[in-house]
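Structure record follows, encoded as structure tokens.
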Amino acid sequence: MSLNKLSTPDFESYNNDIPIKESKIDNEIISITWKDETKSKFHSIWLRDNCACPLCIDTTTKERIYDLSDIPDSIKPLAISVTCDGALEIIWSHNNHKSIYHPERLRVHCYSNLKSIDKQDSEQKLWNSSFQEHIPIFDTQLFLEDDNVRYEFLRSVQKYGISLLTGVPKSEQDFEKITKKIGLLRDMNWGNIFSIKMDPDVGYIANGTYKITPHNDASTRERIPGIQIFQCVENTTEGGGSYWVDGFFIAKLLAETYPEDYKLLTTVPWEFANRDKNSHYRNKQAIIKVNQQNEPVEINDTYWLREPLMIDFNLINLSSG
Ligand SMILES: [Zn+2]
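Here's what the structure looks like:
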């Protein structure tokens, strides 16, 4: 079977720019040397779990249809070979199950030497106020029609957390069309599209005339919205303005400059609550949520929704400031 017809457990298309030069078994580890002399190692159980055969992956949905707990921990390859098309073929000790792997999918998902394998640049770029004039700007029409432009727009959102679109039509249908090119709209207590216009009767701070300082929205939710989309439809006033802040940059600065404060903000939970006539949402979490490397992954500070701080009395140390 040629490689481009080989089933994989996803809908990606793979090439074979750097083929397998050699493969071998060392106990339950499978080692691959690639044509460029880099090496990858995989555990048997990992490879078995990534089998793409029709007994393991539904061919239409590409969803897994077997249960990993049915595979014995002791599974190991009985035979391993590289097919004439360049795929890796393994016969397993359990049920003589046969797996055929696309080489590039293995290379892309090699976890034994993460740093040495070329990966797409998905690094976040942190920024300060000097970035305001360099925020990437894209044309709405091109964004809607050209996959490459839309890709660059989304890459920019991934990298910087922000992108701008110009020439957005003013109708709500057009706005919705744009949002659906980015992802599914999420229902919130204010609906999924919300008009921010000056109207004190609406009952949200955004509809008032207050100066709203840097914040993020919806800290009352288990997960804050990953992406929010704003459109300036009309400005009927003099003055005012919009500005953006990179919360991760601030968090990094805080971690370097005031590590004790960073530790408090990443560990002490603070409750946020949002009440209106028909709903009441509340959630308690650290203001800066971090990953296992103690790097910030989420900022929760919808400051007008902060509830009274309820923590160990001794954690509040007035003399430190
Ligand atoms: Zn299988």
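Sequential numbering from 792 applies to the sequence shown in our numbering.
Glycine included, C-beta positions come from ideal geometry on N, C-alpha and C.
Bear in mind the structure is a predicted one, so any value in this text is a computation, not a measurement.
Using 8 Å for Cβ pairs, my map puts residue i next to residue j. What's the rounded Cβ distance?
| i | j | result |
| --- | --- | --- |
| Gln1076 | Asn1065 | Rounded, the Cβ-Cβ distance is 14 Å, inconsistent with contact. |
| Ile809 | Arg898 | 7 Å |
| Thr896 | Thr799 | Checking the sequence shown, residue 896 turns out to be Arg, not Thr. Contact flag correct, Cβ pair sits at about 5 Å. |
| Ile996 | Leu955 | In fact, because the Cβ distance is near 24 Å, the residues do not count as touching under 8 Å. |
| Phe1040 | Leu917 | 4 Å |
| Ser1010 | Leu1100 | At roughly 14 Å, the Cβ-Cβ gap does not stay under 8 Å, so Ser1010 and Leu1100 are not in contact. |
| Ile1079 | Trp1061 | Incorrect: roughly 11 Å between the Cβ atoms, too far for contact. |
| Asp990 | Asn998 | 5 Å |
| Ile811 | Gly877 | 6 Å |
| Thr970 | Asp930 | Rounded, the Cβ-Cβ distance is 17 Å, inconsistent with contact. |
| Ile1102 | Val1059 | 6 Å |
| Pro894 | Asn807 | 6 Å |
Let me check one thing: in DSSP terms, what residues is residue i bridge-paired to?
| i | result |
| --- | --- |
| Gln1083 | In DSSP, Gln1083 forms no bridge with anything. |
| Pro810 | Bridge partners of Pro810: none, in fact. |
| Tyr805 | The partner list for Tyr805 (beta bridge, DSSP) is empty, contrary to what the question assumes. |
| Ile1018 | Looking at the DSSP assignment, Ile1018 forms no beta bridge with any residue, so it has no partner. |
| His1071 | Arg1066 |
| Glu1089 | Lys1080 |
| Glu1098 | Glu1098 is not bridged to any residue. |
| Asp817 | Ile820 |
| Arg839 | Arg839 pairs with nothing; no bridge assigned. |
Can you grab the Cα-Cα spacing for the pair residue i / residue j, in whole Å?
| i | j | result |
| --- | --- | --- |
| Pro736 | Gln1019 | Here the chain comprises residues numbered 792 to 1112, so residue 736 is not present and cannot be evaluated. |
| Cys901 | Leu975 | 31 Å |
| Asn795 | Lys968 | 34 Å |
| Val880 | Gln915 | Sequence inspection shows Glu at residue 880; the Val mentioned does not correspond to that position. C-alpha separation (whole angstroms): 37 Å. |
| Ser814 | Glu854 | 28 Å |
| Lys889 | Leu846 | 10 Å |
| Arg1012 | Asn1105 | 28 Å |
| Ser1068 | Trp981 | The sequence shown places Lys at residue 1068, rather than the Ser named in the question. If you take the alpha carbons of Lys1068 and Trp981, they lie about 11 Å apart. |
| Ser872 | Ile856 | 25 Å |
| His834 | Ser865 | 11 Å |
| Asp801 | Asn1108 | 53 Å |
| Lys832 | Leu838 | 10 Å |
| Asn939 | Pro1050 | 41 Å |
| Asn919 | Leu1044 | 11 Å |
| Asp1037 | Ala870 | 52 Å |
| Ser860 | Ile836 | 11 Å |
| Gly1030 | Asp965 | 27 Å |
| Val1024 | Ile928 | 17 Å |
| Lys1002 | Gln1084 | 36 Å |
| Tyr805 | Phe934 | 26 Å |
| Ser884 | Cys844 | 16 Å |
| Ile973 | Thr1057 | 30 Å |
| Ser1088 | Gly952 | Here residue 1088 turns out to be Val, not Ser, going by the sequence shown. Between Val1088 and Gly952, the C-alpha separation is close to 12 Å. |
| Asp1008 | Thr1093 | 5 Å |
| Ser907 | Tyr892 | Reliability fails at Ser907, whose pLDDT of 46 lies under 50, so the model's placement of it is uncertain and the value that follows must be treated cautiously. Taking the straight line from one Cα to the other gives about 21 Å. |
| Ser986 | Ser962 | 12 Å |
| Asp1052 | Val1081 | 14 Å |
| Ile862 | Glu819 | 14 Å |
| Lys910 | Asn904 | The predicted position of Lys910 is uncertain, since its pLDDT is 44 and thus under 50; no value can be drawn from it. |
| Asp912 | Gly1032 | The pLDDT assigned to Asp912 is 46, lower than 50, so where the model puts this residue is not dependable, and the model offers no usable value. |
| Glu1086 | Trp1035 | 21 Å |
| Trp825 | Cys875 | 15 Å |
> Can you pull every residue whose C-beta falls closer than 5 Å to some heavy atom of ligand 1, listed in chain order?
Replying inline: Cys842, Cys844, Leu846 and Cys847
>> Suppose only complete runs of 4+ residues qualify. What are the alpha helix (DSSP H) ranges in the segment 897–977, listed by chain order?
In response: 931–936, 938–951 and 963–971
>> Restricting to runs no shorter than 4 residues, where is the alpha helix (DSSP H) found entirely within the segment 975–1052?
In response: 1038–1048
>> At 4 residues or longer, what runs of the alpha helix (DSSP H) sit wholly inside the segment 833–878?
In response: 835–840
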